[in-house]
Structure formats: structure tokens, C-alpha cells
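Residue numbers (this note's numbering): 301 to 729.
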């Protein structure tokens with residue numbers, strides 16, 4: 301075993317032990333304050349506005365099932381497809397998130413010398429990540445932070461990250477608008493190239509979904525904030541639309557269920573033991589998750605906010621009809637002809653989990669009655685269902701394909717390449 305992977309493995313084990321025995325027992329507020337102080341102390345200020353060049357290292361949660369991990373994998377795959385010397389560096393073990401069954405492992409260490417490093421992690425995780433990669437290995441490299449956020453203002457704990465990167469990429473204009481007022485550094489919209497990823501296959505039998513049933517799914521991870529993803533609204537809309545009708549089925553796919561037993565109890569109470577509502581907690585491989593999305597008729601997302609909406613994009617590409625809140629980052633690849641967009645009111649953020657602690661923030665409260673009506677309409681009109689699926693596929697393929705990604709990132713990585721594509725990049729300062 302090479303020395304660098306071995307040291308990384310030892311460090312990851314020590315960090316996991318510390319998290320289990322001490323860190324996770326601290327109150328949320330104390331953890332945030334401690335992380336902020338630690339970040340300030342550890343942060344290696346390496347950003348010097350160096351020019352971009354190859355090799356390009358994509359560092360992130362490459363073997364984790366979370367959306368941030370999928371975004372990093374898509375970035376790596378797209379850069380490789382565009383002909384860049386792109387290499388992956390997995391930081392999942394460092395954060396105890398190497399939890400995706402069947403995921404590829406990326407163990408190529410960052411080599412000293414010139415290059416570019418794109419780090420798919422939140423800014424408050426950057427100091428520890430940069431420290432573990434190593435100051436010597438990062439010297440001479442342009443550092444790009446890929447950040448996603450779900451509210452109109454980024455939290456104070458993220459401000460340290462602005463000092464540690466040369467440039468910032470975001471998956472949507474919504475996120476870029478949250479970051480732009482706080483920095484003079486380039487902020488580039490680089491939407492996740494979801495269209496180049498593996499396509500889901502319809503395998504209803506594998507998931508126990510009868511062919512004749514109108515199947516709906518709502519999908520979320522507890523770590524992504526229960527209140528933001530709002531599965532209770534999905535359950536309420538489904539029950540209002542179908543009651544106990546056995547010809548309709550709602551699959552509530554939840555990851556990280558064991559981390560929030562009280563919220564899981566709330567979810568089960570909302571389902572009320574209904575035989576046509578199925579709560580699925582087991583981990584799925586990347587392939588199985590895509591296949592589940594392709595196997596249902598509708599993906600229902602009454603979210604209160606999204607930085608991007610990766611699962612929504614995957615559903616559109618699978619020709620699964622989408623019903624989603626018409627606000628935030630998902631609007632970059634959605635319109636009223638491609639999906640059913642829900643009306644909403646803006647309300648103050650209320651988050652018992654403490655994922656969003658900043659005062660004065662707001663997010664959307666989707667119209668549940670409108671969601672129920674949309675479900676009823678699509679269940680009654682299969683031609684409309686198919687039409688919506690096809691329109692969604694076309695729109696997501698255009699907005700989230702390889703050429704759109706080339707247009708966004710080529711000027712940041714190799715300015716000469718942008719001229720050959722004939723496409724303009726989306727950059728704000």
C-alpha cells in the first residue's frame with residue numbers, strides 16, 4: 301500500500317473515533333462554534349490566483365451516496381469525457397461518509413506541482429480537507445471551491461472559505477446569487493452534468509411495484525434537512541389525492557433514517573400505517589437508486605428550497621414526470637412545460653434539526669392542495685403523464701448535457717477551448 305493512502309486511512313479512522321466518542325455528543329451550537337474556531341486556526345491560505353492548468357484533481361465525497369458525492373463524480377466523469385487530464389481524490393473516509401455500496405474507490409493522491417484542484421465540499425469543511433491533502437501538494441495549484449447552498453444568504457461559518465479558494469463554482473444561479481455579494485472572486489455557474497450519468501432502467505418487479513399501480517416517490521436524506529425536503533407535505537398531498545386507494549402507491553425513500561429516530565417517528569405517524577404508503581430505509585447502490593426513480597410514474601418534491609435538485613434532474617432524464625416546488629436552484633433546468641411547478645408562499649425558515657441556524661432567512665411553503673390536484677390529474681391521464689416525462693427529458697438533456705458543461709467550465713480551465721465550442725460561459729463577479 302502506498303504511503304499517502306495509508307496515512308489517509310489512519311487519519312480517517314482517528315477522525316471517525318473522535319466523531320463517535322466526543323464530537324457527535326456535543327450540542328449543535330457548540331459544535332458549530334468549535335468548528336469555526338478550528339477552521340480559522342487550521343486554514344492554509346494557499347489561494348494566490350494561479351492560472352488553471354492540468355492535471356485537474358476533483359476532490360470530494362466520491363464514495364458517498366449524498367448529493368455532494370454524486371456531484372463530484374459527475375464533475376470527474378464530465379472532465380474526463382471532455383478530454384482533460386482529470387483525476388479523483390476521495391475525501392469520504394475523512395468525513396466518515398464512504399457509505400455508498402458498490403461505489404468506485406478513488407485513491408490517487410494529489411501530486412506536488414502545478415495543476416488545478418476542484419473541491420466539492422462546503423466551505424466550513426475546506427480547512428480540514430486542505431490540511432489533509434497537504435500544503436506542499438497544493439502549492440502551485442489553482443484551488444476551486446464547488447459550493448451548493450439552499451438559502452438566499454450563505455452562513456457566516458462559510459466566510460472562511462472565501463479566503464481559501466481562487467474561484468468558486470456553483471450548480472445554479474440561485475447559489476451564485478447567495479455568494480456573489482460577499483466576494484470579488486469569480487463565481488461560475490457550472491450545473492451538474494447529470495445527462496452524462498448512467499440512465500435508470502424501469503425495473504418495477506425488483507422494487508415490488510405492480511405494473512398497474514400509479515407509483516409516486518419522494519426521496520430525501522436526513523442529513524439534507526428533513527424540514528427542507530419536506531416529506532410530510534408529500535405524504536399529505538398523496539393521502540389527499542388517493543386516500544386508501546390500492547391502485548396508487550407512495551414510496552418514501554429515506555437515507556440516514558437511524559440518525560433521526562424522532563423525525564422517523566413523525567414520518568411514520570404522517571403515513572398513518574396506510575397500506576399504500578411504503579417507507580424504504582435501506583441503502584441503495586447508485587444503480588438501484590436510478591432504477592427506482594425510473595420505475596415510478598412521478599417524483600414528488602414539495603421541497604422548501606434546493607441548491608440544485610439532483611434527484612429531480614435524474615427523474616427528468618429518466619422520463620419520470622416531476623412535481624416540484626417552483627422556487628430555488630431547480631428552476632435552472634425546469635419550466636412549466638417540462639414539469640408541474642407548485643405555487644408557494646415565502647415563510648421564515650423553521651428547522652428543528654438546526655441545519656440552518658442563521659436568523660432572518662426565508663424559504664418556500666409549497667401549496668399541498670396543488671400537489672394533490674397534480675397527482676390526481678396525472679393518475680387520470682396517462683397521455684399527459686407521458687407527455688410531461690418526454691418534455692422533462694428533453695429540457696434536462698439540453699440544460700445538463702456535456703456541451704452545456706463545456707460552455708460553463710472551459711473558460712475556467714483552458715480558455716482556448718471555449719472558442720471551439722461556440723458557447724458562452726455563465727460567470728458573475
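Cβ atoms here follow ideal geometry from the backbone N, Cα and C, with glycine treated the same way. None of these values were measured; they are calculated from a predicted model.
Quick check on residue i: buried or exposed, where buried means 16 or more other Cβ atoms within 10 Å of its Cβ?
i, result
"residue 594", "buried"
"residue 722", "Because the pLDDT of residue 722 is 38, which lies under 50, any placement of that residue in the model is unreliable, and the number read from its coordinates should be weighed accordingly. With fewer than 16 Cβ atoms within 10 Å of its Cβ, residue 722 is classed as exposed."
"residue 412", "exposed"
"residue 647", "exposed"
"residue 583", "exposed"
"residue 687", "exposed"
"residue 635", "exposed"
"residue 251", "This structure does not reach residue 251, given that the chain is present from 301 up to 729, and the question cannot be answered."
"residue 484", "exposed"
"residue 511", "exposed"
"residue 679", "buried"
"residue 541", "buried"
"residue 515", "buried"
"residue 585", "exposed"
"residue 561", "exposed"
"residue 435", "exposed"
In this structure, how does DSSP classify residue i when only helix, strand and coil are distinguished?
i, result
"residue 643", "coil"
"residue 496", "helix"
"residue 290", "No information on residue 290 is available, as it lies outside the stretch 301 to 729 that the chain covers here."
"residue 618", "coil"
"residue 608", "coil"
"residue 420", "strand"
"residue 712", "helix"
"residue 692", "helix"
"residue 531", "helix"
"residue 581", "coil"
"residue 446", "strand"
"residue 586", "helix"
"residue 349", "coil"
"residue 701", "coil"
"residue 362", "coil"
"residue 479", "helix"
"residue 724", "Because the pLDDT at residue 724 is just 36, under 50, the model does not fix this residue reliably, and the value given afterwards should be weighed accordingly. Coil, per DSSP."
Taking the alpha carbon of residue i as the reference point, which residue from the options has its own alpha carbon closest?
i, options, result
"residue 576", "443, 546, 480", "546"
"residue 352", "388, 362, 444", "444"
"residue 393", "376, 414, 429", "429"
"residue 461", "452, 539, 448, 643", "448"
"residue 628", "418, 620, 528", "528"
"residue 564", "362, 633, 581", "581"
"residue 416", "457, 478, 452, 349", "349"
"residue 252", "620, 641, 371, 578", "Because the chain spans 301 through 729 in this model, residue 252 falls outside it and cannot be assessed."
"residue 708", "642, 622, 516, 472", "472"
"residue 507", "498, 414, 551, 543", "551"
"residue 597", "452, 677, 376", "677"
"residue 656", "578, 451, 387, 518", "451"
Using a Cβ-Cβ cutoff of less than 8 Å, which residues in the same chain neighbour residue i once the five nearest sequence positions on both sides are dropped?
i, result
"residue 705", "378, 382, 490, 491, 493, 496"
"residue 556", "521, 522, 523"
"residue 530", "602, 603, 604, 666"
"residue 482", "454, 459, 462"
"residue 385", "354, 355, 356"
Once you ignore the five residues that flank residue i on each side, which residues in its own chain have a CB closer than 6 Å to its CB?
i, result
"residue 537", "668, 671, 672"
"residue 691", "637, 638"
"residue 442", "350, 352, 416, 466"
"residue 570", "532, 535"
"residue 376", "358, 386, 388"
Less than 7 Å between C-beta atoms, sequence neighbours within five positions excluded: which residues of the same chain meet that for residue i?
i, result
"residue 728", "Note on residue 728: pLDDT 43, under 50, position unreliable in the model; the coordinate value appears next. 476, 480, 487."
"residue 513", "547, 548, 549"
Taking only beta-carbon atoms, is residue i less than 8 Å away from chain C?
i, result
"residue 681", "Looking at the structure shown, chain C is missing, and only one protein chain is on hand."
Meets three-Cβ-pair contact criterion under 8 Å: the stretch 707 to 716 and the stretch 502 to 509: no
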